[in-house]
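Each number in the working numbering corresponds to the 1-based position in the sequence shown with 11 added. Just so you know, even glycine gets a beta-carbon here, dropped at the ideal spot from N, CA and C. All figures in this text were calculated on a predicted structure; none of them were measured in a lab. One structure is given here, and the rest of the page talks about it.
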Amino acid sequence: MKLLRVLVTSAVVAISGAAMAQTKEWKEIRIGTEGAYPPYNNLNAKKELEGFEIDYMNDLCAKMKVKCTWVVQDWDGIIPALLSNKYDVIVAGMNATPERQKRVDFTDVYTATPIAMVGAKSITSTDISPNALKGKNIGAQGSTIHMNFLEAYYKGSTARPYPTQEEANLDLLNGRLDYIVADLEALETFVKGKGKDCCKIIAEVKRDAAIHGPGVGMAMRKGEKELAAMLNKAIADSKADGSLDKHAMKWLGKKAIQ
12 MKLLRVLVTS AVVAISGAAM AQTKEWKEIR IGTEGAYPPY NNLNAKKELE
62 GFEIDYMNDL CAKMKVKCTW VVQDWDGIIP ALLSNKYDVI VAGMNATPER
112 QKRVDFTDVY TATPIAMVGA KSITSTDISP NALKGKNIGA QGSTIHMNFL
162 EAYYKGSTAR PYPTQEEANL DLLNGRLDYI VADLEALETF VKGKGKDCCK
212 IIAEVKRDAA IHGPGVGMAM RKGEKELAAM LNKAIADSKA DGSLDKHAMK
262 WLGKKAIQ
């Protein structure tokens, strides 16, 4: 009996040791972002990353006392690059949709903002229903919730995907599109900048939970429990101490979660 107890105790110690050995201590986090979606993340004229998510994540890294390295990745390959271990987490205005959750895990939501459509200043109607926009050319960034939304509901319109939001904006500016759809803050940046003479926000889009999800979170490979716990604690702390809204007010002009 004594020998049995010794063997059982040894087995428990061995299992506990193995479990501890599998626990990863994160001292450095590689962060993937698009760098082409102002005011969330963008490469400025000096090719430096800037924006709400850049400042916010750098703040979280300081809170977590870890070294963070940014990696710029085109949007259409941003999840495949995460899954192939090019970086550890995506911070790129990515909504935590049910479809994406089949491939990756998400942190808690750190921003949830309205979605809108922009069109020419000459448009007088605010009706953006599928019936009202039948036959119109509507642009959105490809592989986004906005393109998914157009394909699901605007079957009578021509939904045109673009590699970046900037390219969709330019086609609207040049008269090749009738409307574009994106996050409200991204569209506000456009209509206050390059689109100030041509375009205006027409109306907000009603969110569909199945397509749009609850809001924006950070994406990770499946099963990264220690990383998720670290990030969620830092996100919760930033909500409690007001630093999340401080960054949001600076870059978005409003609180992070509307």
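What are the start and end residues of each continuous alpha helix (DSSP H) run of 4 or more residues lying completely inside the segment 47 to 111, in chain order?
-> 63 to 75 and 89 to 94
Since Asp116 sits in a beta bridge, which residues does DSSP pair it with?
-> Met231
State the Cα-Cα distance for the pair Ala247 and Met241, rounded to the nearest angstrom.
-> 10 Å
Would you mind reading off the limits of the beta strand (DSSP E) that contains Asn142?
-> No beta strand (DSSP E) contains Asn142, which DSSP labels as neither H nor E.
Between Ala32 and Ile101, what straight-line distance do the alpha-carbon atoms span, to the nearest angstrom?
-> No answer about Ala32 holds up, because its pLDDT of 43 lies below 50 and its placement is not dependable.
Taking the continuous alpha helix (DSSP H) assigned at Asp252, which residues delimit it?
-> Lys236 to Asp252
Pick from Met75, Val216 and Glu45 that is closest to His157, judged by C-alpha positions | Val216
Helix, strand or coil at Gln176 [DSSP, three-state] = Gln176: helix per DSSP, three-state reduction.
Taking 8 Å as the threshold, find out whether the segment 203 to 211 comes into contact with the segment 161 to 175 through three or more Cβ pairs.
-> With a cut-off of 8 Å, the segment 161 to 175 and the segment 203 to 211 do not count as touching, because too few Cβ pairs lie within range.
The beta strand (DSSP E) spanning Ala193 covers which residue range?
-> Tyr190 to Asp194
For Thr44, count neighbouring C-beta atoms within 10 Å of its own C-beta (all shown protein chains included) and say buried if the count is 16 or more, exposed if not.
-> By the neighbour-count rule (16 or more Cβ atoms within 10 Å), Thr44 is buried.
Span separating the alpha-carbon of Asp99 from that of Leu93 = 6 Å
Could you have a look at Asn148 and say whether DSSP puts it in helix, strand or coil?
-> strand
Whole-number beta carbon distance between Leu144 and Tyr190, since they are thought to touch under 8 Å = Rounded to the nearest angstrom, the Cβ distance from Tyr190 to Leu144 is 7 Å, consistent with a contact under 8 Å.
So, helix, strand or coil for Lys166, using DSSP?
-> coil
Figure out for me which residue from Met128, Thr135 and Glu196 has the closest Cα to the Cα of Pro141.
-> Met128
With DSSP as the reference, label Ala221 as helix, strand or coil.
-> helix
Give the DSSP-derived three-state secondary structure of Ile156 in the structure shown.
-> helix
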